[in-house]
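Just below is one structure, and these are the notes that go with it.
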Amino acid sequence: MAEAHPKFDVALVTPDGAVFDGEAQMVVVPGAAGEIGVLARHAPLVATLKAGSTRIHLDENEILEFATGPGFFKVELDRALALVDDAVNVKEIDDERARAQLEAAKAELERVDAGESTADRWQLEQRIKHAENQLAVSGRTTG
Amino acid sequence: MASVQDLKRRIQSVRNTRKITRAMELVAAAKLRRAEQRITALRPYAETMAELIAGVGRASSSVRLPLLEQRQAIETVALVPLTGDRGLAGAFNAQIMRRAFALERSLQVEGKTVRWVAVGKKGRSTLVFRRRDLVGEYLGFTDRPAYEDAQAIAHRVSELFTSGEVDRVTLIYNTYVSALTQRVTEQDVLPISPDILETDEEERATDALRGDFIFEPEPEEILRRLLPVYVETQIYRALLESTASEQGARMTAMRNASKNAGELIDTLTLRMNRARQAEITQEILEVVAGAEALT
Chain L
0 MAEAHPKFDV ALVTPDGAVF DGEAQMVVVP GAAGEIGVLA RHAPLVATLK
50 AGSTRIHLDE NEILEFATGP GFFKVELDRA LALVDDAVNV KEIDDERARA
100 QLEAAKAELE RVDAGESTAD RWQLEQRIKH AENQLAVSGR TTG
Chain H
0 MASVQDLKRR IQSVRNTRKI TRAMELVAAA KLRRAEQRIT ALRPYAETMA
50 ELIAGVGRAS SSVRLPLLEQ RQAIETVALV PLTGDRGLAG AFNAQIMRRA
100 FALERSLQVE GKTVRWVAVG KKGRSTLVFR RRDLVGEYLG FTDRPAYEDA
150 QAIAHRVSEL FTSGEVDRVT LIYNTYVSAL TQRVTEQDVL PISPDILETD
200 EEERATDALR GDFIFEPEPE EILRRLLPVY VETQIYRALL ESTASEQGAR
250 MTAMRNASKN AGELIDTLTL RMNRARQAEI TQEILEVVAG AEALT
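Going line by line, the protein sequences match chains L and H. For what it's worth, numbering that gives the first Met the number 0 labels the leading residue of the first sequence as 0, then goes sequentially. For what it's worth, numbering that gives the first Met the number 0 labels the leading residue of the second sequence as 0, then goes sequentially.
Given below as structure tokens:
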């Protein structure tokens with residue numbers, strides 16, 4: 000590529016603070032109806048996101064990838080903002096931990112089904128989804 | 000009068016207590032700092048969320064979503080007091096429960112029914128002790144609430160609201176003003192106030208500059224997904240505020256306890272020295288009296 004893509008502001012924000020806030024060439028987010036890729040000077044956009052993988056292309060060689068939970072995406076005036084309920088950098092995914100989370104949540108869900116526990120079913124399903132998501136993303140990058 | 004030995008033992012015991020209260024004060028101060036940071040960290044998310052809702056709300060043609068439904072007759076109200084899992088925080092938990100029960104009384108006078116959702120072990124045990132029926136309980140995380148905890152609570156109260164089991168959901172919690180001050184606050188989280196969909200003239204102007212947004216899917220559909228997340232965010236903020244307040248209250252309570260212990264040690268030491276002096280004087284008198292008797 001002769002000329003580099005122009006950069007624009009990208010932010011990935013969770014309730015526990017911004018996971019990424021800086022300049023990038025492109026950002027790809029898991030839209031509810033399919034992946035959405037956004038470059039600089041994209042038209043204003045508002046979209047919903049499902050749990051999946053969010054990729055921020057800093058330049059041709061450097062790509063940051065995050066396992067993200069469900070959320071929302073907004074593009075305005077050369078600024079893209081992804082609001083998600085959780086985001087983990089794929090390089091920092093702890094497989095063991097994610098697997099343990101998954102096991103714990105599944106076991107709890109079985110107890111709920113058996114009427115032995117009063118834990119919140121919906122919360123458990125969310126935990127399972129997020130754990131599976133982390134495992135899926137890390138599995139794809141390592142294998 | 001207590002003997003020197005007794006006083007010595009008591010002083011030692013008060014000293015040990017002071018060590019504990021001092022340590023707890025330091026721990027609370029560290030946790031308070033962390034809680035404050037988390038409130039700050041949430042701000043960009045919450046603000047963007049509010050902007051997004053206003054923007055999408057403007058774009059939606061008709062907004063008739065269940066979470067926005069303002070019911071004509073409020074018959075049942077869910078009260079959600081946010082308390083701590085542990086005590087030793089001064090009047091922190093008691094204040095919340097006192098306000099909650101006062102609210103319950105005034106609602107019952109108006110002929111409304113009250114349902115309870117307990118958050119925090121302290122609140123739960125008070126409610127169980129007073130034989131209130133709980134429609135939900137969330138325990139064991141008030142030291143460090145996670146977003147998932149807020150999601151669980153939000154999901155439960157939204158369910159209660161949309162199923163028509165309750166017509167209003169009110170949070171009672173301490174808002175964090177400073178380490179020394181916490182304010183007990185009542186906040187209606189459901190139904191969602193239609194105000195959040197409205198924007199002022201200034202925002203409308205900047206919005207026009209940005210041109211029309213592409214919505215994917217339809218704005219109404221996005222709003223349908225945004226509103227539950229808005230409730231989660233509101234509850235998460237309340238949980239964080241409550242945690243910061245709890246640590247602030249504990250820090251103050253422990254500081255006072257350490258101070259009291261210091262004063263107690265001073266008084267006891269004085270008393271011990273007096274007792275020892277009296278003992279010595281007594282002994283001298285006895286020796287002198289004995290010597291006199293011999294001559």
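Yeah, the Cβ is synthetic: ideal placement off N, Cα and C, and Gly gets one too.
Exercise. Taking buried to mean at least 16 other C-beta atoms within 10 Å of its own C-beta, is residue 10 of chain L buried or exposed?
Worked result: buried
For this session: Return the residue from the list L:81, L:84 and L:129 that minimises the CA-CA distance to residue 102 of chain L.
Result: L:129
Problem set entry | Endpoints, beta strand (DSSP E) assigned at residue 81 of chain L | Bounds of the beta strand (DSSP E) holding residue 81 of chain L are 78 to 83.
Exercise. From residue 95 of chain H to residue 61 of chain L, what does the alpha carbon distance come to, in whole angstroms?
Worked result: 51 angstroms
Exercise. Exposed or buried, what is residue 76 of chain L when buried is set at 16 or more other beta-carbons lying within 10 Å of its beta-carbon?
Worked result: exposed
Exercise. DSSP state of residue 33 of chain L, grouped into three classes?
Worked result: strand
For this session: Go through its chain and collect everything with a Cβ distance to residue 267 of chain H's Cβ below 8 angstroms, but skip five positions before and after it.
Result: 6, 9, 10 and 13
Exercise. What residues from chain B crowd round residue 87 of chain L, counting only those whose CB sits closer than 7 angstroms?
Worked result: The chain inventory of the structure shown lacks chain B, comprising the protein chains L and H.
For this session: Please name the residue or residues paired with residue 10 of chain L in a DSSP beta bridge.
Result: L:20 and L:80
Problem set entry | Reduced DSSP category for residue 80 of chain H - H, G, I as helix; E, B as strand; rest coil | strand
Exercise. The beta strand (DSSP E) with residue 52 of chain L in it runs from where to where?
Worked result: 51 to 56
For this session: Taking all protein chains shown into account, decide if residue 1 of chain L is buried (16 or more other Cβ within 10 angstroms of its Cβ) or exposed.
Result: Below a pLDDT of 50, predicted positions are generally treated as unreliable, and residue 1 of chain L, at 43, falls in that range; the measurement from the model is reported next regardless. Classification of residue 1 of chain L: exposed, given that the 10 Å Cβ count is below 16.
Exercise. Should the region 132 to 140 of chain H be called in touch with the region 102 to 113 of chain H, which here means at least 3 C-beta pairs below 8 angstroms?
Worked result: no
Exercise. Hey, out of H:275, H:172, H:215 and H:165, whose CA is closest to residue 34 of chain L's CA?
Worked result: H:215
Exercise. Which runs of the alpha helix (DSSP H), 4 residues or longer, sit entirely within the region 75 to 145 of chain H?
Worked result: 91 to 108 and 120 to 128
Problem set entry | Sheet register partners of residue 293 of chain H (DSSP bridge) | Note: residue 293 of chain H sits in no beta bridge, so no partner.
Exercise. Residue 182 of chain H bridges to which residues according to DSSP?
Worked result: H:174
Exercise. On the premise that residue 190 of chain H lies in contact with residue 74 of chain H, defined as a C-beta separation below 8 angstroms, what is that separation, rounded to the nearest angstrom?
Worked result: Between residue 190 of chain H and residue 74 of chain H the Cβ distance is about 14 angstroms, and since that is not below 8 angstroms, they are no contact.
Problem set entry | Contact test: residue 251 of chain H Cβ vs the ligand NAP heavy atom, cutoff 6 angstroms | This structure lacks the ligand NAP, and indeed carries no ligand of any kind.
Exercise. Do the region 112 to 119 of chain H and the region 70 to 89 of chain H make contact, defined as three or more Cβ pairs closer than 8 angstroms?
Worked result: yes
Exercise. What is the C-beta distance between residue 288 of chain H and residue 87 of chain H, in whole angstroms, given that I count them as a contact (C-beta under 8 angstroms)?
Worked result: Rounded, the Cβ-Cβ distance is 53 angstroms, inconsistent with contact.
Problem set entry | residue 23 of chain L and residue 47 of chain L closer than 7 angstroms at C-beta | no
Exercise. Is there a Cβ from chain L that is less than 7 angstroms from the Cβ of residue 192 of chain H?
Worked result: Output row for residue 192 of chain H: interface = no.
Exercise. Cβ of residue 11 of chain L less than 7 angstroms from any chain H Cβ?
Worked result: no
Exercise. Three or more beta-carbon pairs under 8 angstroms between the region 68 to 87 of chain L and the region 42 to 56 of chain L, yes or no?
Worked result: yes
For this session: Would you give the residue range spanned by the alpha helix (DSSP H) that residue 89 of chain L belongs to?
Result: No alpha helix (DSSP H) holds residue 89 of chain L; DSSP gives it neither H nor E.
Exercise. What are the partner residues of residue 295 of chain H, as DSSP defines its beta bridges?
Worked result: Because chain H spans 0 through 294 in this model, residue 295 of chain H falls outside it and cannot be assessed.
Exercise. Does the beta carbon of residue 53 of chain L sit closer than 7 angstroms to a beta carbon anywhere in chain H?
Worked result: no
For this session: Decide if the region 17 to 32 of chain H is in contact with the region 228 to 240 of chain H; the criterion is three or more beta carbon pairs, one per stretch, under 8 angstroms apart.
Result: no
Exercise. Does residue 84 of chain L get closer than 7 angstroms to chain H when you measure Cβ to Cβ?
Worked result: yes
Exercise. Between which two residues does the alpha helix (DSSP H) harbouring residue 64 of chain H extend?
Worked result: Premise fails: residue 64 of chain H is in no alpha helix (DSSP H) and is neither H nor E.
Exercise. Which value, in whole angstroms, describes the spacing of the CA atoms of residue 115 of chain H and residue 234 of chain H?
Worked result: 16 angstroms
Exercise. If the cut is a Cβ gap below 7 angstroms, which residues of chain H does residue 16 of chain L touch?
Worked result: Here the neighbours are 40.
Exercise. Per DSSP, residue 25 of chain L forms a beta bridge with which residues?
Worked result: L:38 and L:56
For this session: Drop a sphere of 10 angstroms on the beta-carbon of residue 153 of chain H, count the other beta-carbons inside from all chains shown, and report buried for 16 or more, exposed for fewer.
Result: buried
For this session: Can you have a look at residue 30 of chain H and say buried or exposed, based on whether 16 or more other CB atoms are within 10 angstroms of its CB?
Result: Classification of residue 30 of chain H: buried, given that the 10 Å Cβ count is 16 or more.
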